[in-house]
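K.L.:
Can you keep this structure in mind? I'll have questions shortly.
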Amino acid sequence: YHNTVVAASTYCEGGKVTEAAVQQVLNVINTRRSTLAKGQQTNGYNGAKLPYGKNIMKVEWSCTLEKTAASFMDGTCNHTPRAPPAGSTLIGNSDYNDILQGGDNDLSTILGALLGTIDHEELSIGSASVTYSTTTGPHLRPYVNLARADVTSIGCVLEHCGTGAEANHSIYCLTDKP
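Take UniProt numbering: the final residue in the sequence shown is number 178, and no numbers are missing along the way.
As structure tokens, then:
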């Protein structure tokens, strides 16, 4: 009997993200989308619920978007602003590694934190629309872009940089809508 360590295979051929990480990312995003679709998402701390989301379907993983997101990695993790390719939206974040445990769950942990901003900041609910601005939810851009009904696919990569107290990361996710 031998214990052999086998590297986890990536989901996409030539990709950087494991199948386990892809499934965790999709679960985090689709759970939040489902909560919105059911009208169960609270709007910040005020206790009110956001309106029911209409036509919100599950998001799927895109190997093409993952590959494009991987081209943004530069080995510095300083998350310099980058323009997303035409027809897509970039969701990016750089931070220290204090919330990360290492391994397959790092991507979903970061996305979970970004999506969780809706639990702390409010969107402006109008009679015909729900909007955000720098005053009604300055940190809600990732949530708003991942909760959009017209978004159907995503691809992400995670880059680690530095060591010890200076260890940090950058995440780059692209969706299929501008």
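Glycine included, each C-beta is placed from N, C-alpha and C at the ideal position.
Excluding sequence positions up to five away, which residues of its chain have a Cβ less than 7 Å from the Cβ of Gly112?
P.N.:
Mapped onto the sequence shown, residue 112 falls at position 112. Within the same chain, Gly112 has close Cβ partners Val28.
K.L.:
So Leu158 is in the beta strand (DSSP E); what residue range does that whole segment cover?
P.N.:
Start at 1 with the first residue of the sequence shown, and residue 158 comes out as number 158. It spans 153 to 161 - the beta strand (DSSP E) in which Leu158 sits, taken as one unbroken run.
K.L.:
Measure how close the beta-carbons of Asp95 and Leu158 come, nearest whole angstrom, since I'm counting them as under 8 Å.
P.N.:
The residue given as residue 95 occupies position 95 in the sequence shown. The residue given as residue 158 occupies position 158 in the sequence shown. Not confirmed; about 11 Å, so no contact.
K.L.:
Could you check whether Cys156 and Val59 sit closer than 8 Å to each other, using their CB atoms as the reference points?
P.N.:
The residue given as residue 59 occupies position 59 in the sequence shown. The residue given as residue 156 occupies position 156 in the sequence shown. No, they are not a contact pair.
K.L.:
State the DSSP-derived secondary structure class of Val59, mapped to helix, strand or coil.
P.N.:
Translated into the one-based positions of the sequence shown, residue 59 becomes position 59. The three-state reading of DSSP puts Val59 in coil, since its state is none of H, G, I, E or B.
K.L.:
Are the beta-carbon atoms belonging to Ala149 and Gly53 less than 8 Å from one another?
P.N.:
Numbered from its first residue, the sequence shown carries residue 149 at position 149. Numbered from its first residue, the sequence shown carries residue 53 at position 53. Yes, the Cβ-Cβ distance between Ala149 and Gly53 is below 8 Å.
K.L.:
Can you tell which of Ala165, Ala69, Thr135 has the C-alpha that lies nearest to the C-alpha of Glu122?
P.N.:
Indexing the sequence shown from 1 puts residue 122 at position 122. Measuring from the Cα of Glu122, the nearest candidate turns out to be Thr135.
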